[in-house]
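Structure, as C-alpha cells:
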Amino acid sequence: MTVRSFLIGTFLGALGATTYFIVFSPTPFSSSWLAQTDALVDIEFTKEERDQMSDDIAEYPDVFESLRNTPIANEVAPAFVFNPIPVGETAPNRTTPYPSVSLPEPSTGDYSLSPEDSRLAFMSLNQLQTLMERGALTSVELTTYVLKRLELYGKTLESVTQLLDQRALSQAQKMDQERARGQVRGPLHGIPWGAKDLLAVENTRTTWGATPYQNQVIDETATVVKKLDDAGAVLVAKLTLGALAYGDIWYGGKTRNPWDLEQGSSGSSAGSAASTSAGLVPFAIGTETLGSIVSPSVRTGSSGLRPTFGRVSRHGAMALSWTMDKIGPITRSMEDAALVFDAIHGADLLDATTFDAPFEYNRRNSLDGLTIGIPSTFLQESYSPETWRDSLFMETIQVAQEAGATLVSFDFEHNLPLEGMFSLLTVEAAAAFDELTRSGEDDLMVWQEPQAWPNGFRAARFFPAVEWIQLNRIRSMLIQTIHEQIQKVDMILAPPFWNQNLLITNLTGHPSVVLPHGFSPDGKPTGVTLIGHLFDEQRILEAGHVIEQELGVNRQLPPIFTGGVSIRSTTP
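Structure follows, in C-alpha cells:
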C-alpha cells in the first residue's frame, strides 16, 4: 500500500463512519494517526500539537453525520453570495423596459415560402418576426417546422433529450391568437427555442445530462424559461449537455459537431450550440461555469454570449458552482444574441446574485471611437503567423482596424497563483453533488475518466477548507487587478483560449461574446472572443456585429443540415 492510498483510505474512514473508530480503533484520531495526514495539508505539527488537536478532530464525524442527515436540495445556495464588482465600484442601477432592442426591418425576399423551404431554418430572429408580422408565416407553422427538424436531425446530432411538442404547439397557438388581436409581446413573439436540459420546466424531465437523473422531474420552472415565456418565445425542446455540465458526453451518447459528425460538439452547452448551428432551433439557452458557452460556440460556429456574472437569474437551473455559473444565449448572430439577452437579463428575488442593470443595444456600422486591446504577441512588428489559427486571427484584427477601431497591446498581467483556481469550482461542485458521491450512484455516469466529474468530486473532498478560503481571497485580489487593467481599453479581442483569459474572466465575472471568424483547412469553423467590462454586454455585441458583418462567416451553413421539411403541416 502506498502512502497516498493509506492517507486516502484513512481519511475516507474518518469522514464516513464514526462507528468504526469507536468500536475498532483503540486510539481514535491519536497523535500517531494524525501524523500520517500532515503530508496532505502540507503542515508539519509537533506531537504536542497533534495531541491537543485530537479531541477536536474526533468530534468531526458526528458533525459530518448530522450534516448528511439533513437533506439539501441542489438549488440551495450557500449563505455567502459572490459579487464580481471590485471594491469601490457599484453596478449600474438604471433599468430599461423590455424590449429595449429595436432593429430595422430586414430583407426577407418576397415574404413567400415554398412548402419545403430550407431558408427558414437559418433565418435571423428579426427575419422570422417580420414574416409573421406580414402574415407569411404563423407561429404554429414555424413551431411545427422546428419540431420536424428536431425530430429529423436530433438523433444524428445526439443533441435532444426530449421534444416538448404539446407545450410548444399550445403556446404557439396562443401567440398566434394574441397576434391576431394586435397584441405582440416583442421581437421573440411566437419564435421557437431550445433549453439546455439543466433548466427546470414544470411537468417535464430535467435530466442534467446524467444517468442518475435521467428520469428526474423538478416541480418548478426556471426564471429564464418564465422570462422567455413572458416574451412570447415558444419552448420546443430540452437539449443535451455533457453530464452535470461538463463536456459533450451525456447519458444518451455524445453530441456531435454539425460540421463534422465524427467530432464532438464540445460542451457543456453541447445540444444548445449544435442544434442552433444546424438550424434545428432559431436560438437556445446555454450556461457557462468555465467555458461551457464559449467552447461549443467556437466548435460549432455559433454566436454565444456569456454575460456578466449576476446578469441572468439562475433560479431553477442546476447548480454546479454558485460563484461561477452563468446563463446566456447561443444564436447565429450578435443581434440575435442581443434580442434574447434583452428578454432574459435582470434582477430576480429568487437569485440573490442578480443585478438590475441596463442594456441598450444600438446597431453600429463601424468601430470608430473604440479602443480594442489585442494580445501583444500579435502586434509585434516581427510577428509572423505560425498556424492557420494565427492567420485567421490576424485577418480579424485587420477587419477591426479597417472598421475604425484603435488597436493597442493588451495582456492580463498578474503574479497570482491561478494554477489551483480550478479547485474553487471542483470543491463547490463536489458539495453540490455530495449525495451523488456518497450514494455511489456516480458509478452510473457514462464518462469515468480521471478528468471526469466522478473522480473530481471524490478528490475534492480532500481539499482543505482553509486553502479553499485562501483561493477565494486570491480571487478577490484578481478581481481588483483585472478591473484596473481593463480600464485601459473598451474591450479585448483575443483567441478564445488565449493564455489564461478564459479562466481569468470566468473568475472575475466579465462578459464575453464568441463569433465565428473562419474555417480550419478541413472545413470546420472556429471563433474569436470579445471580452467586455462588467455589465457592458452592449458594446461587445455591437462591435461583434460590425466584425461579423465584415467577415460574413456566420452566413455559411453546415451542408448536412440544409435540407428542408414541410412547413404547411399542423402536426410534427
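Every position in the sequence shown, counted from 1, becomes a number in our numbering once 18 is added. C-beta atoms are modelled at their ideal positions from N, C-alpha and C, and glycine is treated no differently. If you're wondering where the values come from, they're calculated on a predicted model, not measured in any experiment.
Residues L410, F411, E413, T414, T544, G545, V546, I565, L569 and V571 of the same chain have their beta carbon placed closer than 8 Å to that of H535, with the five preceding and five following residues left out of the count.
In this structure, the beta-carbon distance from R197 to S142 does not fall below 9 Å.
Cβ contact annotation for G364 (same chain, cutoff 6 Å, sequence separation greater than five): D374, in chain order. Note that the C-beta distance between F100 and G527 is below 9 Å. Beta-bridge analysis with DSSP links W211 to L253.
Boundaries of the alpha helix (DSSP H) around R86: Y78 to R86. Secondary structure in the stretch 452-528: the beta strand (DSSP E) runs of 3 residues or longer, each lying completely within the stretch, are 509-512 in chain order.
Taking a C-beta distance under 9 Å as the contact criterion, L521 and L434 do not qualify as a contact pair. Counting C-beta atoms within 10 angstroms of its own C-beta, P89 has fewer than 16 neighbours from the protein chains shown and is therefore classed as exposed.
In the three-state reduction of the DSSP assignment, F359 falls in the helix class, which pools H, G and I. Distance from the Cα of A356 is smallest, within the candidate group A213, Q147, T162 and Y379, for Y379. Separation of L462 and L368 (C-alpha to C-alpha, rounded to the nearest whole angstrom) is 32 Å. Rounded to the nearest angstrom, the gap between the Cα atoms of E560 and P110 is 19 Å. For E66, the closest of S49, Q54 and E77 by C-alpha to C-alpha distance is S49.
By the CB criterion at 9 Å, L149 and L165 fall outside the cutoff. The stretch 60-74 makes no contact with the stretch 335-350: fewer than 3 CB pairs, one atom from each, lie closer than 8 Å. Ranking F553, D452 and P576 by CA distance to the CA of A91 puts D452 first. Beyond the five residues adjoining it in sequence on each side, I500 comes within less than 7 Å, by CB distance, of F430, I522 and T526 in the same chain, given in chain order. Under the DSSP assignment, I549 falls in the beta strand (DSSP E) whose first and last residues are P543 to G550. With contacts defined as CB atoms closer than 9 Å, W465 and G260 qualify as a contacting pair. If you check the CB distance, S320 and A291 come in under 9 Å. Per the Cβ contact rule, the stretch 198-211 is in contact with the stretch 106-124 (3 or more Cβ pairs under 8 Å). Distance from the Cα of G346 is smallest, within the candidate group G153, F301 and W340, for F301. Taking a C-beta distance under 9 Å as the contact criterion, I303 and V242 qualify as a contact pair.
Taking C-beta atoms under 8 Å as the contact rule, Q232 and Y269 qualify, at a distance of about 5 Å. Between the stretch 442-452 and the stretch 390-410 there are fewer than three inter-stretch CB-CB distances shorter than 8 Å, so the stretches are not counted as touching. Excluding the 5 residues flanking it on each side, S384 has same chain C-beta neighbours closer than 7 Å at A421, G422 and V564, in chain order. The stretch 163-180 and the stretch 218-225 touch, with three or more beta-carbon pairs separated by less than 8 Å. Counting the other Cβ atoms within 10 Å of the Cβ of I504 gives 16 or more, which makes it buried. Note on G474: 16 or more other CB atoms within 10 angstroms of its CB, so buried under the neighbour-count rule. Counted as a single uninterrupted DSSP element, the alpha helix (DSSP H) harbouring L143 occupies residues L143 to E151. Cβ neighbours of K542 within its own chain (closer than 6 Å, five residues either side excluded): W277 and D278. In the DSSP assignment, no residue is bridged to E159.
Residue pairing for S321: DSSP places it in a beta bridge opposite T349. Taking D135 as reference, the option from T113, L160, P468 and A288 with the minimal CA-CA separation is L160. A straight line joining the alpha-carbon of I267 with that of P124 spans about 38 Å.
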